[in-house]
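Engineer: Residue numbers (the working numbering), protein chains in the order written: chain A, 1 to 333; chain B, 334 to 652.
#1: Going straight from the alpha carbon of residue 428(B) to that of residue 445(B), what length do you get?
#2: Going by DSSP, which residues form a beta bridge with residue 348(B)?
#3: Using a Cβ cut-off of 9 Å, which residues of the stretch 636-648 of chain B contact any Cβ in chain A, in chain order?
#4: In chain order, which continuous runs of the beta strand (DSSP E) of length 3 or greater are located wholly inside the stretch 203-279 of chain A?
#5: List, in order along the chain, the chain A residues whose C-beta lies closer than 8 Å to that of residue 621(B)?
#6: State the CB to CB distance for the pair residue 46(A) and residue 586(B), rounded to an integer number of angstroms; the pair is presumed to be in contact (CB under 8 Å).
#7: So with Cβ pairs under 8 Å, would you call residue 520(B) a contact of chain A?
#8: Please classify residue 655(B): is it buried, with 16 or more other beta-carbons within 10 angstroms of its beta-carbon, or exposed?
#9: Suppose you measure from the CA of residue 229(A) to the CA of residue 194(A); what does that come to, to the nearest Å?
#10: Which residues does DSSP list as the beta-bridge partners of residue 134(A)?
#11: Which residues in chain B sit within 7 Å of residue 265(A), going by Cβ to Cβ distance?
#12: Could you pull the start and end residues of the beta strand (DSSP E) that residue 560(B) belongs to?
#13: Grouping DSSP H, G and I as helix and E and B as strand, with all else coil, what is residue 557(B)?
#14: Quick one: give me the first and last residue of the beta strand (DSSP E) that residue 422(B) is part of.
#15: Taking just the CA atoms, how far does residue 203(A) sit from residue 40(A)?
#16: Compare the C-beta of residue 49(A) with all C-beta atoms of chain B and state if any pair is closer than 8 Å.
#17: From residue 345(B) to residue 394(B), what does the alpha carbon distance come to, in whole angstroms?
#18: Hey, could you find the ends of the beta strand (DSSP E) residue 15(A) is sitting in?
#19: Within 8 Å, do at least three Cβ pairs link the stretch 283-302 of chain A to the stretch 223-237 of chain A?
#20: Quick check: is the beta carbon of residue 348(B) nearer than 8 Å to any beta carbon in chain A?
#21: Have a look at the DSSP bridge pairing and note the partners of residue 304(A).
#22: Please list the terminal residues of the continuous beta strand (DSSP E) segment that includes residue 642(B).
#23: What beta strand (DSSP E) runs, 3 residues minimum, are completely inside the stretch 501-548 of chain B?
#24: Within the continuous alpha helix (DSSP H) that includes residue 27(A), where are the two ends?
#25: Which runs of the alpha helix (DSSP H) fall wholly inside the stretch 45-113 of chain A and span at least 4 residues, in chain order?
#26: To the nearest angstrom, how far is the alpha carbon of residue 522(B) from that of residue 532(B)?
#27: Flag this pair as yes or no: are the beta carbons of residue 43(A) and residue 35(A) separated by less than 8 Å?
#28: Out of 324(A), 209(A), 133(A) and 196(A), state which residue places its alpha-carbon closest to the alpha-carbon of residue 654(B).
#29: According to DSSP, is residue 170(A) helix, strand or coil?
#30: Counting only beta-carbon atoms, is residue 83(A) nearer than 8 Å to chain B?
#31: For residue 553(B), count neighbouring Cβ atoms within 10 angstroms of its own Cβ and tell me buried if that reaches 16, exposed if not.
#32: In chain order, which continuous runs of the beta strand (DSSP E) of length 3 or greater are located wholly inside the stretch 379-417 of chain B?
#33: By DSSP's criteria, residue 184(A) is part of a beta bridge. Which residues make up the other side?
#34: Quick one: is residue 447(B) buried, meaning 16 or more other Cβ sit within 10 Å of its Cβ, or exposed?
#35: Is the distance from the Cβ of residue 10(A) to the Cβ of residue 37(A) below 8 Å?
#36: Quick one: which residues of the stretch 524-554 of chain B get their C-beta closer than 8 Å to a C-beta of chain A? List them in chain order.
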């Protein structure tokens, strides 16, 4: 065990793999992922659909589908969540771990008022009495920027706009002062002007509460301005991980570069062809022997197709990557 | 501008909602020149998709006129409209839902030809092979398969092939890449550009993502709550938006560069309900420049700078 002076990450994901049985064979949704998040820090997890980012968050929350198999350890404040009994986990969710999902309509109960849903959480987890819980619920709604909170408490989810519903979902997630908040594509279903407001709100509450936060998104634009560290996932693995400014200043992994290049830029002229990534991700039930990105990578050679590059930091500069031909280094060689 | 292929005049589309009228599109006028791509942007509920459908008469407008190549579509008899539809095609957001899951890809792509009365089997096969190859699909491999065997990006290629097989003049693309991943999105945007050149298409490109719209459009029209805010040439509008809503949309886009601090509190509140739009300028409740005049008087579209029109009492101009 580390000494008391060393800061221990609040969350440490250690060699986590998630395997789902399918009719076509085992699907390795998450493949030996290691990640750490400290209190007061925000980690961005970026990747396209099917890269395993959501399954990874489910593994942290211990909300995996029943048939899924989890290997590795999910250490939260020194405890392995994977080995905790169901009841202990239930007590952790809320006061320790909380989550905000993409679609607030599916995470809120449509037949209960907003007030009932927040008050219930406060009563169950914090043991507040009815009047105190109602007062606190209104305070929470005000904190997440909902005008006229007392009236909102009496409304049902369908009476609110998408942005307001997401604010309510955030208020519920924050209600028990969690130490780790997982926001899984929290703004993907929202309009761009509302997205900016919700990301601001999450960032403000994260700082104010000194929470650890994992922001999961498909959008490199979202993580660029709002995270301390970024992990890029491809085909179930973390393929690059670095402090945010360092990642954008000098990405090493060709996939990260290609992903960034494929985003239409506001400052490029109309009708500029986009550097698209040819092909698509490999079938997750048929893992490749080498690098999963090799079939789409313009730098790939035989070594890439035969041997899987490990995630490491060979430059000892704080950027981890899983690539035999990292960018810039390759250019210099 | 050269000859207008599509002209929309004072178009209004009304829905009845619980005894009240919802004006999804309210007095919108615009034109698209032959060979041009007009990007239509706005947030959800602004009426951009309804406008696209009203152009095709899939939803009959309650007011105004639509002209296609000089022919008025509004009020055209059903049979004549059916013939006209060969020249106008639509591509949707969800490519998987747009394909019949029980039919083979080859039959799906050939169907418009059958409806159009192309009876020669060999001729149909030839054209199916040609258009599939054009959109980057191998007809030998693809034609016999079913939609579920394909990813979202491949399904969108199939939808594009189906839309192009009758060699239409105008294609309305309604959020054609919103459901796709970043890497696939770029492939489809490039394909649409290539198809536009190859088939000499005119595009009405509807999307909520300004960066996506910029990549393909010659001109941009911005909608808010059923009305046009601003119309202008793409680069000019991005460099110098004159409507405060356009400026707000531009600022809100997350930029993939950590040295650019995200603009904070750019947007005040959320779009109001289209059932109960604000008086005067519909954007005034969220606009930093709004005053009493904006509540009293509906701003009309007028030229603010050369080539750029906006409906605003207090446009963003120098000085």
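By construction, the Cβ of each residue, glycine as well, lies at the ideal position given by its N, Cα and C atoms.
Structural biologist: Let's see:
#1: Distance between residue 428(B) and residue 445(B), taken at the CA atoms: about 17 Å.
#2: According to DSSP, residue pairing for residue 348(B) in a beta bridge involves 355(B).
#3: So nothing in the stretch comes that close.
#4: With a minimum length of 3 residues, the continuous beta strand (DSSP E) runs that stay inside the stretch 203-279 of chain A are 212-217, 229-234 and 237-243.
#5: Result: empty, since nearest Cβ-Cβ is about 13 Å, beyond 8 Å.
#6: Not really, about 17 Å apart at Cβ, beyond 8 Å.
#7: By this cut-off, residue 520(B) is an interface position.
#8: Coverage of chain B is limited to positions 334 through 652, which leaves residue 655(B) absent and any answer about it impossible.
#9: Computed Cα separation, rounded: 24 Å.
#10: Residue pairing by DSSP places residue 134(A) in no beta bridge whatsoever.
#11: Ordered by position in chain B, the residues that pass the 7 Å Cβ test against residue 265(A) are 544.
#12: Unbroken beta strand (DSSP E) run through residue 560(B): 560-566.
#13: Here residue 557(B) sits in strand by DSSP.
#14: Its beta strand (DSSP E) spans residues 421-424.
#15: So the alpha carbons of these two residues sit roughly 10 Å apart.
#16: So, interface residue.
#17: Here the C-alpha atom of residue 345(B) lies approximately 6 Å from the C-alpha atom of residue 394(B).
#18: Where residue 15(A) is concerned, the enclosing beta strand (DSSP E) starts and stops at 11-22.
#19: In short, these stretches touch, since the Cβ pair count reaches three.
#20: Residue 348(B) is outside the set of residues whose beta carbon lies under 8 Å from a beta carbon in chain A.
#21: Answer by DSSP bridge pairing: none, since residue 304(A) is not bridged.
#22: Residue 642(B) -> beta strand (DSSP E) spans 641-643.
#23: DSSP runs (the beta strand (DSSP E)) wholly in the stretch 501-548 of chain B: 503-507 and 535-540.
#24: Unbroken run through residue 27(A) is the beta strand (DSSP E), 25-37; no alpha helix (DSSP H).
#25: Within the stretch 45-113 of chain A, the complete alpha helix (DSSP H) runs of at least 4 residues are 53-61, 86-92 and 104-107.
#26: Counting only the Cα atoms, residue 532(B) lies some 15 Å from residue 522(B).
#27: Taking 8 Å as the cut-off, the Cβ atoms of residue 43(A) and residue 35(A) count as close.
#28: Missing from the structure shown is residue 654(B); chain B here goes from 334 to 652 and no further.
#29: Here residue 170(A) carries a helix assignment [DSSP, helix/strand/coil].
#30: Chain B contact via Cβ: absent.
#31: The residue in question, residue 553(B), is buried, as its Cβ has 16 or more Cβ neighbours within 10 Å.
#32: Secondary structure within the stretch 379-417 of chain B: the beta strand (DSSP E) runs of 3 or more consecutive residues, fully enclosed, are 396-401 (chain order).
#33: Its beta-bridge partners are 216(A).
#34: By the neighbour-count rule (16 or more Cβ atoms within 10 Å), residue 447(B) is not buried but exposed.
#35: Result yes, Cβ atoms of residue 10(A) and residue 37(A) sit closer than 8 Å.
#36: Residues of the stretch 524-554 of chain B whose Cβ lies closer than 8 Å to any Cβ of chain A, in chain order: 526, 541, 542, 543, 544, 545, 547, 548, 549, 550 and 551.
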